[in-house]
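Visitor: Before I ask anything, here is the structure I am working with.
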Ligand SMILES: [Zn+2]
């Protein structure tokens, strides 16, 4: 079988299996996101820049446009283009914070 | 099913993992030099590590008749100290002629700093001087997009570097097309929480095509799965891909890239 081309979605019956096999696990992940946002709000840490970045990234799910995964990754990325002069010595944390806002 | 694990940090794995990989159809394993979970205190620590990669691990794998190859470098996470980097880079030529060495890697960036860029540049110069393949590590999480662009720009600024002899690893949906468009190979890493899952990896193959892409587990000292590559074959089967497609991605593609190194022998399967 050939892989489906990007601009011609597969008409193969196995396509239905994508939904049959994955819906429940993916549903669980979406509920985890919701529960996480509820939890950080309940504990008063929802103003953390990472929680706010997650909220903003989640908006991508609602706009009805394609390439959601790419756009969510971009939304969480450092948008600057020059190398940093010095290392913070800390690991990456998953969301970018503008140094001016720290 | 046969497959190649083109990026596994076997120094961090147990012998049981070698056994499980061979049982699952692994025909060769390739081990880039990396950060071992703590910063080494001296250049001598790297000498011991390079001996482990070129002597001990091949012998451990050979007990299972599994060919073991490696890549040499100072990983980007330890590249911030320029004097240590100079000492370690000066040592690499001592090991470069060892029979299981595939090239220079995994070089790249960690936090996208100027010092990391300098050491990356020095590694590229070594690779050019000794006519070596290059394996690139791209940064984690929010640093990946910027780091990948910086790395691609730096590699493209070296006219002697042939893109088809460079694999840029740990691509995700926001970096894969840029890497492929510039003529490089792209590695998709199957790693929990960060990097890619099996379904997302197969999505990227569907969107970006099957050429110049390999899959790897990057299994290391963190929570990771040395069988992530063969498990992704299950995802391909569930989507209806035939054995020839799976063999191309999991075996033939890595063979095509790695065969550019004379030290690499196509595994007998
Ligand atoms: Zn690695």
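Residue numbers (this note's numbering), protein chains in the order written: chain A, 78 to 179; chain B, 211 to 479.
By construction, the Cβ of each residue, glycine as well, lies at the ideal position given by its N, Cα and C atoms.
1. Can you give the beta carbon distance from residue 425(B) to residue 460(B), rounded, assuming they're within the 8 Å contact cut?
2. According to the neighbour-count rule (16 or more other Cβ atoms, all chains shown, within 10 Å of its Cβ), is residue 152(A) buried or exposed?
3. Could you give the residue range of the alpha helix (DSSP H) that holds residue 418(B)?
4. Along chain B, which residues have their Cβ under 8 Å away from the Cβ of residue 99(A)?
5. Whole angstroms are fine: how far does the CA of residue 139(A) sit from the CA of residue 228(B)?
6. For residue 122(A), count neighbouring Cβ atoms within 10 angstroms of its own Cβ and tell me buried if that reaches 16, exposed if not.
7. Taking Cβ positions only, does residue 140(A) come closer than 8 Å to chain B?
8. From this set, 213(B), 464(B), 220(B) and 221(B), which residue's C-alpha is nearest residue 343(B)'s C-alpha?
9. Using a Cβ-Cβ cut-off of 8 Å, state whether residue 121(A) counts as contacting chain B.
10. Could you work out which residues of chain A lie near residue 267(B), taking near to mean beta carbons separated by less than 9 Å?
11. By a C-beta neighbour count over all protein chains shown, 10 Å radius and 16 as the cutoff for buried, is residue 224(B) buried or exposed?
12. Against residue 356(B), what residues of chain A qualify as contacts under a CB-to-CB distance less than 8 Å, listed in chain order?
13. Please confirm if the stretch 446-460 of chain B is in contact with the stretch 317-334 of chain B, defined as three or more CB-CB distances below 8 Å between the two stretches.
14. List the residues that DSSP assigns as beta-bridge partners of residue 215(B).
15. List, in order along the chain, the chain B residues whose C-beta lies closer than 7 Å to that of residue 147(A)?
16. Check whether the Cβ of residue 333(B) sits closer than 7 Å to any heavy atom of ligand 1, and report yes or no.
17. Assuming residue 377(B) is part of the beta strand (DSSP E), what are its boundary residues?
18. Return no unless some Cβ of chain B is closer than 8 Å to the Cβ of residue 115(A).
19. Below 8 Å, can you find three or more Cβ-Cβ pairs linking the stretch 380-391 of chain B to the stretch 335-350 of chain B?
20. Quick one: measure Cβ to Cβ for residue 313(B) and residue 337(B), integer angstroms, because I've assumed they're closer than 8 Å.
21. Could one say the Cβ of residue 284(B) lies closer than 8 Å to chain A's Cβ atoms, at least one of them?
22. Name the residues in the stretch 211-227 of chain B whose C-beta lies less than 9 Å from a C-beta of chain A; which are they?
23. Determine the extent of the beta strand (DSSP E) in which residue 316(B) is found, giving its start and end residues.
24. Considering residue 108(A), what are the terminal residues of the alpha helix (DSSP H) in which it resides?
25. Could you please give the first and the last residue of the uninterrupted beta strand (DSSP E) stretch that includes residue 280(B)?
26. Does residue 151(A) have its Cβ less than 8 Å from a Cβ in chain B?
27. Closer than 7 Å: is that where the CB of residue 219(B) sits relative to any heavy atom of ligand 1?
28. Whole angstroms are fine: how far does the CA of residue 276(B) sit from the CA of residue 263(B)?
29. What's the C-alpha gap between residue 421(B) and residue 178(A)?
30. Which class does residue 323(B) belong to by DSSP, given the choice of helix, strand or coil?
31. Within the present structure, is the beta-carbon of residue 265(B) separated from the nearest heavy atom of ligand 1 by less than 7 Å?
32. Starting from residue 226(B), trace the beta strand (DSSP E) in both directions and tell me its first and last residue.
33. Residue 447(B) to residue 124(A), Cα distance in whole Å?
Guide: Reading off the structure:
1. For the purposes of this step, residue 425(B) is taken as the residue at position 215 of the second chain. For the purposes of this step, residue 460(B) is taken as the residue at position 250 of the second chain. Taking 8 Å as the upper bound for CB-CB distance, residue 425(B) and residue 460(B) are in contact here, some 7 Å apart.
2. Translated into positions along the first chain, residue 152(A) becomes position 75. Result: buried.
3. By one-based count along the second chain, residue 418(B) stands at place 208. In the DSSP annotation of this structure, the continuous segment of the alpha helix (DSSP H) that includes residue 418(B) starts and ends at 408-418.
4. On the first chain, position 22 is the one that residue 99(A) refers to. Simply 409.
5. Locating residue 228(B) in the second chain gives position 18, counting from the first residue. Locating residue 139(A) in the first chain gives position 62, counting from the first residue. Each residue's alpha carbon lies about 45 Å from the other.
6. Counting from 1 along the first chain, the entry for residue 122(A) is found at position 45. Around the beta carbon of residue 122(A), a 10 Å sphere encloses fewer than 16 other beta carbons of the protein chains shown; the residue is thus reported as exposed.
7. Translated into the one-based positions of the first chain, residue 140(A) becomes position 63. No - not a single Cβ of chain B is within 8 Å of the one on residue 140(A).
8. Locating residue 343(B) in the second chain gives position 133, where the first residue counts as 1. Of the candidates 213(B), 464(B), 220(B) and 221(B), the one whose C-alpha sits nearest the C-alpha of residue 343(B) is 464(B).
9. Position 44 of the first chain, counted from the start, is the residue given in the question as residue 121(A). Not one chain B Cβ lies under 8 Å of residue 121(A).
10. In the second chain, counting from the first residue as 1, residue 267(B) sits at position 57. Under the 9 Å cutoff, chain A gives no residues; its nearest Cβ is about 27 Å from residue 267(B).
11. Translated into positions along the second chain, residue 224(B) becomes position 14. Classification of residue 224(B): exposed, given that the 10 Å Cβ count is below 16.
12. Counted from its first residue, the second chain places residue 356(B) at position 146. Residues of chain A with a Cβ closer than 8 Å to the Cβ of residue 356(B) are, in chain order, 154, 155, 156, 157 and 158.
13. No, the stretch 446-460 of chain B does not touch the stretch 317-334 of chain B.
14. Mapped onto the second chain, residue 215(B) falls at position 5. BP columns for residue 215(B) point to 239(B).
15. The residue given as residue 147(A) occupies position 70 in the first chain. Within chain B, the residues near residue 147(A) are 383 and 384.
16. As a working mapping, residue 333(B) is identified with position 123 in the second chain. No heavy atom of ligand 1 is found nearer than 7 Å to the CB of residue 333(B).
17. Locating residue 377(B) in the second chain gives position 167, counting from the first residue. Its beta strand (DSSP E) spans residues 376-379.
18. Here residue 115(A) corresponds to residue number 38 of the first chain, with the count starting at 1. So, not an interface residue.
19. Below 8 Å, enough C-beta pairs join the stretch 380-391 of chain B and the stretch 335-350 of chain B to call them touching: three or more.
20. Sequence index remark: in the second chain, residue 313(B) carries index 103 (1-based). Sequence index remark: in the second chain, residue 337(B) carries index 127 (1-based). So it is a contact: roughly 7 Å between Cβ atoms.
21. In the second chain, residue 284(B) corresponds to position 74, counting from 1. No, no contact with chain A.
22. Considering only beta carbons, no part of the stretch 211-227 of chain B lies closer than 9 Å to chain A.
23. Locating residue 316(B) in the second chain gives position 106, counting from the first residue. Segment 311-318, the beta strand (DSSP E) holding residue 316(B).
24. Position 31 of the first chain holds residue 108(A). Start and end: 91-119.
25. For the purposes of this step, residue 280(B) is identified with residue 70 of the second chain, where counting begins at 1. Its beta strand (DSSP E) spans residues 278-282.
26. Start at 1 with the first residue of the first chain, and residue 151(A) comes out as number 74. So, interface residue.
27. To locate residue 219(B), count along the second chain from 1; it is residue 9. At least one heavy atom of ligand 1 is nearer than 7 Å to the Cβ of residue 219(B), so yes.
28. Counting from one through the second chain, the residue named residue 263(B) turns up at place 53. Counting from one through the second chain, the residue named residue 276(B) turns up at place 66. The C-alpha of residue 276(B) is placed about 14 Å away from the C-alpha of residue 263(B).
29. Sequence index remark: in the second chain, residue 421(B) carries index 211 (1-based). Sequence index remark: in the first chain, residue 178(A) carries index 101 (1-based). Approximately 43 Å between the Cα atoms of the pair.
30. Here the question's residue 323(B) lines up with position 113 in the second chain. Strand, per DSSP.
31. The residue given as residue 265(B) occupies position 55 in the second chain. In this structure, the C-beta of residue 265(B) stays at least 7 Å away from each heavy atom of ligand 1.
32. Counting from 1 along the second chain, the entry for residue 226(B) is found at position 16. Unbroken run through residue 226(B) is the alpha helix (DSSP H), 225-233; no beta strand (DSSP E).
33. As a first step, residue 447(B) is located in the second chain; it is residue number 237 there, counting from the start. As a first step, residue 124(A) is located in the first chain; it is residue number 47 there, counting from the start. If you draw a straight line from the Cα of residue 447(B) to the Cα of residue 124(A), it comes to about 43 Å.
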